Amino acid sequence: MTQGGMTRLNRRMLLKSAAAGTAAALAAPMVARADSKSIKIGMSTILSGRVAQLGNSSRNAVMMEVEKINGAGGLAGRQIEMVIRDSKAQPQEAARLARELVNTDGCEILIDAEASSGAFAVHEVARDLGMLCLHTNSETSSLSADPKLRLPNAFRTCRQGIHDSIVGGAYAANIAKTKNLTKWMTCSPDYAYGRDTTAEYMTYVKHFKPDVEVVGESWPKLFQPDYTEVFTKILQTKPQVLYTCLWGGDITAFVDQGNIYALFGQTETFAVNMADYTALTAVKNLPRGIHSGNRYIKTFPSTPENAAWADAYRAKYNEYPTNWSWENATAMHFLAVGAKQANTADGAKLAEVLKGLTIASPFGADGKLTLRGEDQTLVGYAIGWGTTIPNEPYVTDMLPGDWNQIFPLEAEWKKSKNFT
Amino acid sequence: MTRRSLALDVAIGAAALALLALLPLVFPSKALVDFLIRGSALALFATSLNFLVGYGGMVSFGHGMFFGLGAYSFALLMQRTGMPIPAAFALALIMCAALAFVVGVICVRLNEIYFAFLTLAFQMLVHSVIILWVPLTGGDQGLRGGIPRPPFLGINLANQMHLYLMSCTLLIAGLVLLHHLVQSPFGYTLRMIRDNAARASFLGVAVLRVRLTAFVLAGVFAGIGGVIMSLFVSGAYPEFAYWTISGEGIFMIMLGGLNSFLGPVAGTVILLVLNDFVTRVTEYYGLTLGTVILLFALGLRRGLLDVLVDLWHRNSPFSKVKA
Amino acid sequence: MDLIALASCLSSPACIVTQSTGGLIIGMLLFLVAAGLTLIFGVLKVINFTHGSFYMLGAYFALTIFQFTGSYTLTILGAGAATAIVGLVFERLFISRVYGQNVLMQLLVCYGFVLIFDDVVKIVWGVEFKSMGMPPAFQLPPLFIAGGVVPPFYLFLIGMAFLIGLALWLVIDKTRLGKTIRAVAHNPSMVAALGINTGFLYGLVFALGGLLAGFAGALAAPVRSLTPGMGFSILIESFIVTVIGGMGSIMGAFVAALALGLIRSFGSLGFPLFTDGLMYLFMVVVLIARPTGLFGKEIA
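Residue numbers (our numbering), protein chains in the order written: chain A, 36 to 455; chain B, 462 to 784; chain C, 139 to 438.
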């Protein structure tokens, strides 16, 4: 069972800022910046509601890295003070919090750990206020790909839908070729992420194996509790393959319910978001052989650094890291390296250094991660697909994606969307 | 409440506006400015809702649909066409009025509970349309990329202070207008219908027509709130049209007081201060807000302003009403 | 819109069986929750906005009881009983203070508790979603009835819900307690004048509502993922069922719940993108035609 995951440092900070901040917010002039010995970094995320695990694991990862960075001297000699607030998944709250963190609390850098619409709302605040902003959870490709949205001070340190779709499509096409699987069905949540990801994935499957046919689609609502109508449709249509990008509690419920229809024995299943420890450990009867991409798996990349990071996280928080965890840790890693290189923690100078920066990372496909200069988004992270087994390490036979394959296809995709 | 002339209302409004305009000079806090912009949007929304609930006896659970439509139509018009802000503003309000008319025609004949649920159903339908019509509305991600703000009449809404002054002006103007409506013969007829619709109808009042008019007016003022909010976040999100906005509106008028004209404004301030304070202190927002709500509902049992007004009437030497 | 799929399903017995089973699952669970809601409204004239939280608590109690005992029977009974107690305490300590008040004030109390319960669940059970898992007794392959696929657990669920509903009807209609409850719905002061403790009866009604919601939560737990806030969607649907069926009518809730389940099930074939909208549309149509719901009476 998870405790709040807040360290003493965080709680002390919050109480201090609450007392000072509320009075300041409504009366006094803007709170002076924290003394030059420390730097405040704000973080807006989702700590309540259905997606609370997103904020919880993001925060855990950030705090773990902050301790390490502060222990090593901080950012260019300044100790980091995190100010973390809950937007409750309301985009107008996310916007308000972003403004408050910068204007009232004196945060110089903002970690945007919001999801989809919240991230776009914070992005507008970044446009208005100009502080360094790192998006750590939003996977919508257009956030970085669309040149109309680009800002010199906003970066994305997390994975992107388009990269995942290319790798996933290639892997699936290979399996489909070996086993001659041409009849596919999809089941994905009916919102932007679900629609875009599914469309892109199937495009790339067909790119690599053109005779694949989508014979049926299901679009359950996000967080829909009951998938019976999906299963009955699948049983009627009898596809050879099922694709789903359901995630979190939804994929758990889907697998639980699918089991009682004995679905997974008869149908080859590709579940983009199955290989996430929270889902893997929650499902009580995890079927064998479901294909999944790595949201975060301790054994992929199978390096000692990756395993060590996961073990440290697990020891500290008594739960496994999630996809959101590594993405937020990455943001802090980039800040640490950037500050060392630029020899300052000043947001504007950091932004210049971050553009195009490559760092060593346990999450990199070859041990390295880069914030690509042209669109200020993360590339080079480890993407791989494998199949599930009912016990640790839960996913085996991981095949890594090839970034040399990803880049040209991604460029083509951008051109097709008029993003260049 | 004694009848006050429009002139007096305008004078009070002008004074309030002057105060608001000077406030950031005395307390130069960006957070205060942001707070009052949000507050203006939500206070207009809440007051328009109370126009229906408190003065009209029509409990609507779907009022948020006008807040959302106001935000979306304004943001869309600005993003897609080059039109000047005042034109987009006017068009957005016209669309809210149109929606209010259509929904009102169907709903105002129903009694309390069913009126409430049907307005809620319509709001959820509007929300569904917003989510589904992805090419137009951006779906669940909302309208992204910001709202262009061409300057007009020397006002540049990209400047936060200009936005602040405009929001305050809209708030005060809206409140003055609504108050005037409440104090007008129309307002008294509305209250008569609230108290006893059958008797009003026997007296020759066109009950349904008055209710429909009130519904449309309330929808328009809610739309103004939506426009202000869309400028604040520089976009529009489906959450603006979700039932939770309607729920917040109900809380604001309950917390502030159904029976006072400024009750909803007070309630808005209370809820926003609570929201901002609690978010700073703890992540258990639900627990805290829930407890505060219980203290109000079980302890105070009435909105804050209602309680204060009652105390004033009891203790004031000028009041003819004694405890 | 995919009317061809819908038509081809309606002409195939296998599909009809499968889809109807699906519709019955949704409908029967919805009925259990809506029955409690409509009962509370019919007797106490209170719109229990907290009812979805009762369902959520029922599911979480079931999770914990099953973890400790491994017995599904105990789980269902225990979850029902525990939620009934929650309902009783809730009514006696809080709702009883707002009888006769503005309905918005009652709603506010309920909503305050929705917020509190969500956070309590978050604190006690944690933020990650949880899964109870299928009890070993039901880990069986699906049955084939007339070519349609029917998982045995779903048959159990439908059967149990039906039995519970039947028991409810028997209690309300045939027993003395039920008569007293119906009497207090019509004329509380007369019942009180006859020396019956109406406060206790009110608490009992809420407990009954909690019991039903708790059963629903426990029956749904094996096939749902549990998160704080999971009560919300079934709450909205139960309200729609209650409004369509007529507030205060258990038969109305039964008919409306089944109708909604079948609409959702068959509707998702013909109108895959508009399934939710269908539900709201159905409500709009019924309310326009019969403003007090299918079986409802005009409330004085």
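Don't be surprised by glycine CBs; every beta carbon is placed ideally from N, CA and C.
Remember, it's a predicted structure, so these values are computed and weren't measured experimentally.
The C-beta separation of M194 (chain C) from G347 (chain C) comes to about 14 Å, leaving the pair out of contact by the 8 Å criterion. Note that the C-beta distance between K212 (chain A) and K183 (chain A) is not below 9 Å. If you check the CB distance, F578 (chain B) and I178 (chain C) do not come in under 9 Å. For the pair V393 (chain C) and G383 (chain C), the Cα-to-Cα distance works out to about 7 Å.
Between C168 (chain A) and F187 (chain C), the alpha-carbon positions lie close to 40 Å from each other. Collapsing the DSSP output to three states places A107 (chain A) in coil. If you look at V118 (chain A), you'll find it in the beta strand (DSSP E) that goes 114-121. Boundaries of the beta strand (DSSP E) harbouring T422 (chain A): 419-423, taken from the DSSP string.
Scanning its chain for C-beta atoms nearer than 8 Å, with the 5 sequence neighbours on each side dropped, one finds around P151 (chain C) the residues A284, G285, G286, in chain order. In this structure, D140 (chain C) lies away from G747 (chain B), with their beta-carbon atoms at least 9 Å apart. The continuous alpha helix (DSSP H) containing W344 (chain A) extends over residues 339-352. Neighbours of R235 (chain C) in chain B, taken as residues at a C-beta separation under 7 Å, are given in chain order as L759.
Between M367 (chain A) and A189 (chain A), the CB-CB gap reaches or exceeds 9 Å.
An exposed status is given to H324 (chain C), since fewer than 16 other beta-carbon atoms sit within 10 Å of its beta-carbon. Restricted to the region 183-243 of chain C, the alpha helix (DSSP H) segments that are unbroken, complete and at least 4 residues in length are 189-207, 210-231, listed in chain order. Distance check between K333 (chain A) and each of A:S93, A:S177, A:Q88, A:F398 places A:F398 closest, using alpha-carbon atoms only. The Cβ atoms of G225 (chain C) and L306 (chain C) lie no closer than 9 Å to each other.
For E303 (chain A), DSSP records a beta bridge to A:V276. With a cutoff of 9 Å on beta-carbon distance, L145 (chain A) and A161 (chain A) are scored as near each other. The beta-carbon distance between K268 (chain A) and G251 (chain A), rounded to whole angstroms, is 6 Å. This is short enough to meet the 8 Å contact definition.
In the displayed model, F613 (chain B) falls within a strand according to three-state DSSP. In this structure, W282 (chain A) lies near V307 (chain A), with their beta-carbon atoms less than 9 Å apart. The alpha carbon of M220 (chain A) has as its nearest neighbour, out of A:A383, A:V247, A:L406, A:D121, the alpha carbon of A:V247. Beta bridge pairing from DSSP links D147 (chain A) with A:S79, A:H170.
Along the region 732-746 of chain B, the positions whose C-beta sits under 7 Å from a C-beta of chain C are Y745, read in chain order. The secondary-structure analysis by DSSP pairs L604 (chain B) across a beta bridge with B:A697. For V514 (chain B), the nearest beta carbon of chain A is not closer than 9 Å to its own beta carbon.
Between S122 (chain A) and A143 (chain C), the alpha-carbon positions lie close to 42 Å from each other. For the region 91-115 of chain A, the beta-carbon criterion of a distance under 7 Å to any beta-carbon of chain B is satisfied by none of its residues. Chain C places a beta carbon closer than 9 Å to that of L593 (chain B), counting this residue as a contact. The alpha-carbon separation between L364 (chain C) and P260 (chain A) amounts to approximately 9 Å. Residue-level contact by beta carbon fails for V250 (chain A) and chain C, as no gap is shorter than 9 Å. Listed along chain C are Y418, M421, V422, each with a C-beta nearer than 7 Å to that of A582 (chain B). Apart from the 5 residues on each side of it in sequence, S534 (chain B) sits with its Cβ closer than 6 Å to the Cβ of A553, M556 in its chain, given in chain order. For the C-beta of M690 (chain B), the chain A residues within less than 9 Å are, from N- to C-terminus, Q127. Per DSSP, reduced to three states, the secondary structure at P255 (chain A) is coil, with no helix or strand assignment.
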